[in-house]
Amino acid sequence: MNGIFQLDSPLWRFLNTCTDVILLSLLWIVTSLPLITLGPALIALYEQMYLISENHEGHIISGYWKSFQKACKEWLVVFLAGILLGLVLVGDWYILIVGKMPYGAFLLPVVVVLSITYLVVFLYVVALGATCEAPKKQIFLLALTMPVKEWLRTLFMLFIVIIMGMVGVLVYAPFLAVAPGVIALSHIYLFREIFKKYHMQVVEEHVEF
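Each residue of the sequence shown is one higher than the one before, counting from 201 in the working numbering.
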């Protein structure tokens with residue numbers, strides 16, 4: 201019985217992971233508030249979740265902040281372009297739904313495909329940028345090809361996002377405050393399987409090709 205409450209017991213590790221997920225979710229929300237820092241904040245979140253999945257001990261707050269600062273320097277301009285593209289897609293949806301434009305029914309499938317492609321590529325760029333030491337050109341190439349090769353895991357990732365969002369919106373609104381961390385950690389375990397499949401080796405807390 202006493203073993204349950206030891207620091208290295210499964211129960212204690214589970215509670216510690218839950219605490220880290222909650223804290224990292226709140227840090228992500230705060231650092232994402234300017235919107236332009238959404239991408240770097242996601243990279244920092246996924247990087248810390250990767251370390252958690254590998255059982256790396258460390259200071260969550262300082263580790264996240266260090267990752268966030270590094271991501272801002274390396275990825276801010278890239279993700280600003282991504283956000284602008286996302287806003288264009290949002291505008292397309294607004295025109296189709298509210299504007300009642302002619303031939304909207306024919307354009308809807310195109311916008312749906314573009315939106316899903318955008319979300320998937322965005323997700324893979326974030327995860328790969330958080331865990332891989334590789335040139336941006338190679339990361340973008342992988343983000344375009346991997347979702348096709350790993351379509352089943354990709355669908356499951358999107359399913360996780362949808363389910364977590366529905367739980368927060370329809371069941372328990374405060375869950376939205378911790379949903380980012382839950383989603384990121386779930387995705388990281390899926391990405392670890394992809395890394396293993398393609399023989400990507402972990403070196404100095406990142407994935408090396």
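Where a beta carbon is used, it is the ideal one built from N, C-alpha and C, also for glycine. Just so we're clear, the structure is a prediction, and the values are computed from it rather than from any experiment.
Review point. Applying the criterion that 16 or more other CB atoms from any shown protein chain within 10 Å of the CB defines a buried residue, is Q269 buried or exposed?
Key: In the sequence shown, residue 269 corresponds to position 69, counting from 1. With fewer than 16 other Cβ atoms within 10 Å, it is exposed.
Review point. Alpha helix (DSSP H) containing H387: first to last residue?
Key: As a first step, residue 387 must be located in the sequence shown, where it is residue number 187. If you look at H387, you'll find it in the alpha helix (DSSP H) that goes A379 to K397.
Check your understanding: Taking Cβ positions, are V378 and I222 nearer each other than 8 Å?
Key -> In the sequence shown, residue 378 corresponds to position 178, counting from 1. In the sequence shown, residue 222 corresponds to position 22, counting from 1. Yes, they are a contact pair.
Exercise for review: Tell me whether G291 is buried or exposed, calling it buried when 16 or more other Cβ atoms sit within 10 Å of its Cβ.
Suggested key: As a working mapping, residue 291 is identified with position 91 in the sequence shown. Classification of G291: exposed, given that the 10 Å Cβ count is below 16.
Review point. Between the beta-carbon of L224 and the beta-carbon of L245, is there less than 8 Å?
Key: As a position in the sequence shown, residue 224 is number 24, starting the count at 1. As a position in the sequence shown, residue 245 is number 45, starting the count at 1. In contact: L224 and L245 (Cβ atoms closer than 8 Å).
**Study point:** Continuous alpha helix (DSSP H) stretch holding G239: start and end
**Key:** Here residue 239 refers to the residue found at position 39 of the sequence shown. For G239, the enclosing alpha helix (DSSP H) stretches over residues L238 to S253.
Review point. For V367, which residues from the same chain have a beta carbon less than 7 Å from its beta carbon, with the 5 sequence-adjacent residues on both sides left out?
Key: Within the sequence shown, numbered from 1, the residue matching residue 367 stands at position 167. Correct list, in chain order: F375.
Check your understanding: For G282 versus F340, is the C-beta distance shorter than 8 Å?
Key -> Sequence index remark: in the sequence shown, residue 282 carries index 82 (1-based). Sequence index remark: in the sequence shown, residue 340 carries index 140 (1-based). No; because the gap between Cβ atoms is not below 8 Å, this pair is not in contact.
Point to revise | Strand pairing of C272, partner residues [DSSP] | key: One-based indexing of the sequence shown puts residue 272 at position 72. In the DSSP assignment, no residue is bridged to C272.
Practice item. Please report how far the alpha carbon of V371 lies from the alpha carbon of I362, in whole angstroms. Key: Translated into the one-based positions of the sequence shown, residue 371 becomes position 171. Translated into the one-based positions of the sequence shown, residue 362 becomes position 162. Cα to Cα, V371 sits roughly 13 Å from I362.
Review point. Shortest alpha-carbon distance to G365 belongs to which of V382, L314, W351 and V311?
Key: Residue 365 sits at position 165 when you count from the first residue of the sequence shown. G365 has its Cα closest to that of V382, out of V382, L314, W351 and V311.
Exercise for review: Confirm, please, whether the CB-CB distance from P240 to L280 is below 8 Å.
Suggested key: If you number the sequence shown from 1, residue 280 lands on position 80. If you number the sequence shown from 1, residue 240 lands on position 40. Taking 8 Å as the Cβ cut-off, L280 and P240 do not qualify as a contacting pair.
Check your understanding: Buried or exposed: I261, going by 16 or more other Cβ atoms within 10 Å of its Cβ?
Key -> To locate residue 261, count along the sequence shown from 1; it is residue 61. Exposed, by the Cβ-count rule.
Exercise for review: Return the chain-ordered list of same chain residues with a C-beta closer than 6 Å to the C-beta of F156, the five sequence neighbours on each side being excluded.
Suggested key: This structure cannot settle anything about residue 156, because the visible part of the chain is limited to 201 through 409.
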